[in-house]
Amino acid sequence: MLNTNCYRHTPIIQQYLSIKKLYPNMFLFFQIGDFYELFYEDAKIATSILKIVLTKKGFSAKKVVPMAGFPCQKINYYCKKLLKLGKSIVICDQVNNKLFNNSLIPRKIVQVITPGTVVNEELLNGKKDNLLVSIFEKDNSFGYSSLNLCLGKLEILEFNHINDLMSEIEKTNPEEILLPKNFAYSFLFNKRIGIQKRSISNFNLKKSYQVLISHFLSNKKQKSKLKTKKLGVRAAGSILQYVKYIKKNIPSHIQNLKIKNKHIYIYMNLSTRKNLEINESKNISNKNGSLLSLINKTSTLMGSRLLKRWLVSPICNTSEIVNRQNSVTILLKNYQKITSILEKFHDLERIITRISLNQSIPKDLVNLRNLLSLLPKLKILLSKILEKNLIRLNNKIHLCKSLNTLLHNAIQPMPSYYINYGNVIATGFSKKLDRWREIAHDSLSYLKKIELKQKKKIGANSLKIGFNKIIGYYLQVNKKDSCLIPNNYFRKQTLKHTERYIIPEIENYQEKILYAKTISIDIEKEIYLSILHKITPFLEKLKKTSYSIAELDVLNNFAKIAINLNYVCPTLTKNYGISIINGRHPIVELAKEKSFIPNSTYLSSKKRMSIITGPNMGGKSTYMRQIAIIVILSYIGSYVPATKASIGPIDKIFTRIGAHDDLYSGKSTFMMEMLETAYILNHATSNSLVIIDELGRGTSPQDGLSLAWSCAKNLAKDIKCMTLFSTHYSELSDLEKKYKNIKNIYFDSLFKNNEIFFNYVLKKGFTEKSYGLSVALLSGFPKKVVLNAKKKLKQIHKEQKLPIIKAIKLIKKINFNKIKPLKSLIVLNFLKKILIN
1 MLNTNCYRHT
11 PIIQQYLSIK
21 KLYPNMFLFF
31 QIGDFYELFY
41 EDAKIATSIL
51 KIVLTKKGFS
61 AKKVVPMAGF
71 PCQKINYYCK
81 KLLKLGKSIV
91 ICDQVNNKLF
101 NNSLIPRKIV
111 QVITPGTVVN
121 EELLNGKKDN
131 LLVSIFEKDN
141 SFGYSSLNLC
151 LGKLEILEFN
161 HINDLMSEIE
171 KTNPEEILLP
181 KNFAYSFLFN
191 KRIGIQKRSI
201 SNFNLKKSYQ
211 VLISHFLSNK
221 KQKSKLKTKK
231 LGVRAAGSIL
241 QYVKYIKKNI
251 PSHIQNLKIK
261 NKHIYIYMNL
271 STRKNLEINE
281 SKNISNKNGS
291 LLSLINKTST
301 LMGSRLLKRW
311 LVSPICNTSE
321 IVNRQNSVTI
331 LLKNYQKITS
341 ILEKFHDLER
351 IITRISLNQS
361 IPKDLVNLRN
371 LLSLLPKLKI
381 LLSKILEKNL
391 IRLNNKIHLC
401 KSLNTLLHNA
411 IQPMPSYYIN
421 YGNVIATGFS
431 KKLDRWREIA
441 HDSLSYLKKI
451 ELKQKKKIGA
461 NSLKIGFNKI
471 IGYYLQVNKK
481 DSCLIPNNYF
491 RKQTLKHTER
501 YIIPEIENYQ
511 EKILYAKTIS
521 IDIEKEIYLS
531 ILHKITPFLE
541 KLKKTSYSIA
551 ELDVLNNFAK
561 IAINLNYVCP
571 TLTKNYGISI
581 INGRHPIVEL
591 AKEKSFIPNS
601 TYLSSKKRMS
611 IITGPNMGGK
621 STYMRQIAII
631 VILSYIGSYV
641 PATKASIGPI
651 DKIFTRIGAH
661 DDLYSGKSTF
671 MMEMLETAYI
681 LNHATSNSLV
691 IIDELGRGTS
701 PQDGLSLAWS
711 CAKNLAKDIK
721 CMTLFSTHYS
731 ELSDLEKKYK
741 NIKNIYFDSL
751 FKNNEIFFNY
761 VLKKGFTEKS
771 YGLSVALLSG
781 FPKKVVLNAK
791 KKLKQIHKEQ
801 KLPIIKAIKL
811 IKKINFNKIK
821 PLKSLIVLNF
831 LKKILIN
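Numbering (the UniProt record's numbering) for the sequence shown: 1 to 837.
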């Protein structure tokens, strides 16, 4: 524990503790000269996770002060490390560098960075949204709110089931999650980083509602909507209060409040996205094996993030999808020209955010200037395309000519990284600045002359002039040359390999140099801030421009992959069902060395379920997944891998594929299988697409068959959803005879010379052939093991046939003509029992 009795501490530790008190649970980077230092527990923890050296800063309050630090220029490197671990950082800088004043240097917090509120370009993943999420629970219902600070967008959702909440968490993958301290489901987040436990008072309904109304100045319609979303309001209010705590105020650019209706999107739960490999590949060795990585050929980071948003939340609005399709069709002929322009664009979306938050660096203004210079060329190209949706996008792209002119005149072609370094404002923009720069430049030239003069005078080739914020300008020599130093040199600092000295000539002149440099940098800061204020009126137009470029990029991307991968435009129809001719799995077809064998699909009100059989590795799982992927691509506006596709209304997509357990929650493989299937049976509707692969494998054959039969019957007869049901239970083929909307299909194969050959062709009918032993041999099973398995299989078949053979022999011996009718019936029942058993 820290000793917070400040009067007993040294002045600098008192200063440190007073700042640390404001953010006790965050790492405090405390600037001392050219280093950021951490003290006490921060230092000890940082030593371990940042791999920096633990030292000490003398004594304070009669105790050793543990200390660890790093050079100021490496701050982004260490911030990134901490953010990846879900940690938050407070940066405290020196604000007055008076070198000759022995009083305590004043310091202040310049930035607070948390995983969900970071906007710095160097600390962000450009290809994914950075989200801050808050959750509130009451009576097993959940309020959920997410803030995309880079977009200035706050969203509110509510869920009635924990599975839906966790699915949304998995879908959006937030960097930071705010939970009430008494949150009942905290254990589900134990494996996640970036979890912040907040006081219950932060989720107060009345306070949250007032914060939202006050900030967004909500209209009557929105106010009435908010009153019906009490749990969501609590979550959203806590986010704004947290942002105010971090940023000292609620940023004005957070202007978009959206109360989301989850029914306008196709619902996909967590297991569905995992099984279909929407965002991530299941194959750890192949990170590029997901659908997102396959279709993401966007030219900008803005487009890349928007594509992911579309892909995880396909929309149900067919008119909007048709608009996208029309644009893609036109862009098929223009995508190369548009790509050549878009690939030069910087991340306007996040540049705008940093300007709004006064966290922009000179590089942002250079990138904004470059982007604005490219816009006229893009608008000219788009103006030649007469398509309704593209015309709309072009109209929302604003040139901002006067802003472009300002940035060209005011900012250096290649400015310093930070405004504090100077050399950001262009020469000629301010006469006052030019004058002070000239004074500073002349002074530096004079110092260079001193360096050459002293080097020649004492004969030390290692001698050079340097500067730091602690001792000012100095002459530095290697230790081997220290014997050449005359008596009028005053040693100021000793390092491992060098010595630093002051001479009267430098000491007398440096105040003039520092004054000129300080004045010129102060003038640059004033000009820089005035430029940022002049950008503010353009921010709304820049936001519209940003989103339009992102949308254009995604549509152009769809055209690109349609051409390169031979995709076709699907038809979205109001008619129930799915019709796909020669459909292909987009990921598998690229991974295969041989050409992919396409297969067709037809589901309708007359054929709601396909029961699919065939050998292991025969193509069943790939086929079912490709149907779901084609549906998803259709509902985001993309072309699809098929010869022709017609897709009817879809509200949800469910999958039950593969075997996995959840040991952390104490759930077996079979329990997970049952939970996932139960969720489908309880939530699917007639417009849902359901994919079930090998249900009932985790229990006895009798139980498994019974469950598979009953589930298939329920899906086809009661729910009446579109279902693809693969199985090895041959008994399920009988369902086709009982229910007209169920059809049997199978993947054919050839078995020759003890080898199996898959042709991946789908046919009508049913097959009992699994060829499990042949597949085992293909996978690398030792031949001895497979041969023993074959012997055991023959023995099992023989044992299964014995009761039947005995019954037949018995029947042959019985002369039914000599037995009375009643006794004949008894004998027949007895034989029937033998056969059944």
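The C-beta atom is built at its ideal place from N, Cα and C for all residues, glycine as well.
Quick caveat: nothing in here was measured; it's all calculated off a predicted structure.
Below 8 Å between beta carbons: does that hold for residue i and residue j?
i, j, result
"leucine 393", "leucine 371", "no"
"lysine 492", "tyrosine 509", "no"
"valine 554", "threonine 298", "yes"
"lysine 592", "serine 726", "no"
"leucine 292", "lysine 308", "yes"
"isoleucine 330", "leucine 390", "yes"
"isoleucine 578", "isoleucine 627", "yes"
"glycine 143", "alanine 43", "no"
"residue 884", "isoleucine 397", "There is no way to answer for residue 884, as the model of the chain reaches only from 1 to 837."
"methionine 609", "leucine 715", "yes"
"lysine 127", "serine 304", "yes"
"isoleucine 630", "alanine 645", "yes"
"glutamine 476", "lysine 457", "no"
Which residue's Cα is closest to the Cα of residue i: the options?
i, options, result
"threonine 677", "Lys20, Ile653, His585", "Ile653"
"threonine 114", "Asn326, Phe766, Leu28, Thr545", "Leu28"
"lysine 197", "Lys191, Ser214, Leu179, Val211", "Leu179"
"lysine 225", "Leu240, Lys247, Leu257", "Leu257"
"leucine 124", "Lys181, Lys388, Met302", "Met302"
"tyrosine 36", "Cys72, Leu695, Trp310, Lys63", "Cys72"
"threonine 427", "Leu732, Phe216, His585, Asn409", "Asn409"
"lysine 230", "Phe345, Leu514, Ser145, Ser313", "Ser145"
"threonine 10", "Thr536, Lys63, Lys74, Asn76", "Lys63"
"glycine 237", "Leu157, Gln210, Thr498, Pro641", "Gln210"
"threonine 545", "Lys171, Thr723, Lys206, Lys379", "Lys379"
"tyrosine 547", "Asn395, Asn599, Tyr528, Ile506", "Asn395"
"isoleucine 195", "Leu332, Val133, Leu82", "Val133"
Alpha helix (DSSP H) containing residue i: first to last residue?
i, result
"alanine 68", "Counting along the chain, alanine 68 falls outside any alpha helix (DSSP H), though it belongs to the beta strand (DSSP E) covering 63 to 71."
"asparagine 599", "Per DSSP, asparagine 599 belongs to no alpha helix (DSSP H); it is in the beta strand (DSSP E), 599 to 603."
"valine 588", "586 to 591"
"glycine 704", "701 to 713"
"serine 48", "40 to 49"
"serine 621", "620 to 634"
"residue 919", "Residue 919 cannot be examined here, being either before or after the span of the chain that is shown, 1 to 837."
Since residue i sits in a beta bridge, which residues does DSSP pair it with?
i, result
"proline 180", "Arg198"
"isoleucine 653", "Met268, Leu689"
"valine 366", "Bridge partners of valine 366: none, in fact."
"leucine 147", "Leu132, Leu154"
"tyrosine 501", "Leu475, Arg491"
"tyrosine 746", "Thr613, Lys763"
For residue i, I'd like the list of residues in its chain whose CB is within less than 7 Å of its CB, leaving aside the five on either flank, ordered along the chain.
i, result
"threonine 4", "With a pLDDT of only 49 at threonine 4, under 50, the local geometry of the prediction cannot be trusted, and the value read off the model is given with reservation. Leu17, listed in sequence order."
"isoleucine 12", "Leu104"
"phenylalanine 100", "Here the model assigns phenylalanine 100 a pLDDT of 45, short of 50, so the residue's position is not dependable and the matter cannot be decided."
"leucine 54", "Ala43, Lys44, Thr47, Pro66, Ala68"
Leaving aside the five residues before and after residue i along the sequence, list all residues of the same chain whose C-beta is less than 6 Å from its C-beta, in chain order.
i, result
"leucine 306", "Ala550, Val554"
"asparagine 461", "none"
"glutamine 15", "none"
Tell me where the beta strand (DSSP E) around residue i begins and ends.
i, result
"cysteine 92", "89 to 94"
"serine 579", "578 to 583"
"isoleucine 32", "27 to 32"
"alanine 645", "644 to 647"
"lysine 258", "256 to 259"
"lysine 464", "464 to 468"
"valine 110", "107 to 113"
"phenylalanine 187", "No beta strand (DSSP E) holds phenylalanine 187; DSSP gives it neither H nor E."
Should residue i be listed as close to the ligand FMN, given that the test is whether its C-beta is under 7 Å from any heavy atom?
i, result
"leucine 226", "As for the ligand FMN, it is missing from this structure, which has no ligand bound."
Once the 5 residues before and after residue i are set aside, which same chain residues still bring their CB inside 8 Å of it?
i, result
"leucine 188", "Ile162, Met166"
"leucine 151", "Asp129, Asn256, Glu349, Thr353"
"cysteine 316", "His263, Ile264, Tyr265, Ile266, Tyr635, Pro649, Ile650, Asp651"
"leucine 663", "For leucine 663, the predicted model reports a pLDDT of 46, less than 50, meaning its position is unreliable; a value from the coordinates is still stated below. Result list for leucine 663: empty, nothing under 8 Å."
Please tell me whether residue i has its Cβ less than 8 Å away from any Cβ of chain D.
i, result
"threonine 669", "Of the protein chains in this structure there is only one, and it is not chain D."
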